[in-house]
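Start counting the sequence shown at 941; every next residue gets the next number (our numbering).
Each residue gets a CB set at the ideal place from its N, CA and C atoms; glycine is no exception.
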Amino acid sequence: MIQVRVVHGKEPNHFLAMFGGRLVIFAGGKAGWGSHQQDEGPGDPYLLQVRGTAAFNTKAEQVVIVALTTVLSLMLPS
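Set out below in structure tokens:
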């Protein structure tokens, strides 16, 4: 068996190609999955950012959800 370390955010195209454009990276590893219910999906709301142009370089990564009012307050001068 051979193991290779792949740094988060630096995944090479040949690594992403193994997942056929279906790699999903959740922050913290689980995105709110409960440990007592095996068949349920994530319980907390989450937002995925999808990047790539083909199956060999596409991945979806969980990003922080920010309310629109927070974003606008950061953009507007006080």
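Under a 10 Å Cβ-count criterion, L987 is classified as exposed, with fewer than 16 other Cβ atoms of the shown protein chains found around its own Cβ. Partner residues in the beta bridge of E1001, as assigned by DSSP, are I965, Q989.
The beta carbon of V990 lies closer than 6 Å to those of A1000 in the same chain, with the five residues before and after it left out.
Distance from the CA of F966 to the CA of V946, rounded to the nearest whole angstrom, comes to 16 Å. Ranked by Cα distance from D984, the first of G992, T998, I1005 is I1005. L1016 sits exposed, since fewer than 16 C-beta atoms from the chains shown fall within 10 Å of its C-beta. The DSSP-derived three-state label of F955 is helix.
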